[in-house]
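Written below as structure tokens is the structure these notes are about.
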Amino acid sequence: MSATEQVQDLVPADVHERIMAEAEAISALGEASESMAPYPVNQPTIGTWLDAMGYDNERFRNGEAPPSMAQVWTMPGLGRRRPDDDPLSRMMEVLTAEGFTAVLGTNCEQTYERYLRVGEHVRVTSALESVAGPKATAMGIGYFVTSRNTWYVGDEKVATMLFRVLKFIPKERP
Numbered sequence: 001m002s003a004t005e006q007v008q009d010l011v012p013a014d015v016h017e018r019i020m021a022e023a024e025a026i027s028a029l030g031e032a033s034e035s036m037a038p039y040p041v042n043q044p045t046i047g048t049w050l051d052a053m054g055y056d057n058e059r060f061r062n063g064e065a066p067p068s069m070a071q072v073w074t075m076p077g078l079g080r081r082r083p084d085d086d087p088l089s090r091m092m093e094v095l096t097a098e099g100f101t102a103v104l105g106t107n108c109e110q111t112y113e114r115y116l117r118v119g120e121h122v123r124v125t126s127a128l129e130s131v132a133g134p135k136a137t138a139m140g141i142g143y144f145v146t147s148r149n150t151w152y153v154g155d156e157k158v159a160t161m162l163f164r165v166l167k168f169i170p171k172e173r174p
């Protein structure tokens, strides 16, 4: 069976072609979305995070942020939205429009270049890294969508994250 026939068994060819064309267009934009953290890195937020995680380290009580907090500074939070040009959101909208309505987070890979320091103002850029599929999974037929976020202080890259989700059509339950 050819690859084209296998795709058609899972998803109609015209649907697959539309999805992949949109993915290519979004990917071509590169770091298409940028957001500034609403607040600089600050000790009260670091302390609250340490308390919530049940973790204590004197280093993080005295002016440095745990590396795994990189995302915390730029998360939209309540009442704010991702930018309209956010590549992950745009790809999710494409898949939803094609009937892939369910989402399952699959994995996240983070790389830290250095610790953030109190007072620094962080910005994040987002890009669509890849779209793979269709794939038949235990959850249903879908596409794996990987985005790449890169955090900066000024022009210095301080952290990156690859975030992969499965956007799928749920299997019917008996």
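The sequence shown runs 1 to 174 under full-length UniProt numbering.
Ideal placement from N, C-alpha and C gives every residue a C-beta, glycine not left out.
Predicted, not measured: the structure shown is a model, and the values here were computed from it.
Three-state secondary structure (DSSP) at Met36?
strand
Taking all protein chains shown into account, decide if Gly39 is buried (16 or more other Cβ within 10 angstroms of its Cβ) or exposed.
Residue identity check: residue 39 is Tyr in the sequence provided, not Gly. Looking at its Cβ environment, which holds fewer than 16 other Cβ atoms inside 10 Å, Tyr39 is exposed.
Inter-residue Cα distance where the pair is Gly142 and Asp51
38 angstroms
Rounded to the nearest angstrom, what separates Thr101 and Gly30 at their Cα positions?
25 angstroms
Starting from Ile141, follow its DSSP beta bridges and name the residues at the other end.
Ala136 and Ile169
Across which residues does DSSP place residue 180 in a beta bridge pair?
In this structure the chain extends from 1 to 174, so residue 180 is not present and cannot be described.
So Leu116 and Phe144 are in contact, right, with Cβ under 8 angstroms, and what is the actual spacing, rounded?
With a Cβ gap of about 30 angstroms, Leu116 and Phe144 do not count as contacting.
Determine the direct distance from the alpha carbon of Thr146 to that of Val94, and round the result to whole angstroms.
14 angstroms
Measure the alpha-carbon distance for Lys171 versus Thr137 and round it to whole angstroms.
9 angstroms
Please classify Glu156: does DSSP put it in a helix, a strand, or coil?
strand
Which whole-angstrom value is the C-beta distance of Ala32 and Asp85, which I expect to be below 8 angstroms?
5 angstroms
Helix, strand or coil, according to DSSP, for Glu120 in the structure here?
coil
Can you give me the start and stop residues for the alpha helix (DSSP H) that Leu88 sits inside?
Pro87 to Ala97
Chain-order list of residues whose beta-carbon lies under 6 angstroms from that of Ser43 (same chain, five-residue window excluded)
Inspection of the sequence shows that residue 43 is occupied by Gln rather than by Ser. Excluding residues within five positions, the ones whose Cβ falls inside 6 angstroms are Val118.
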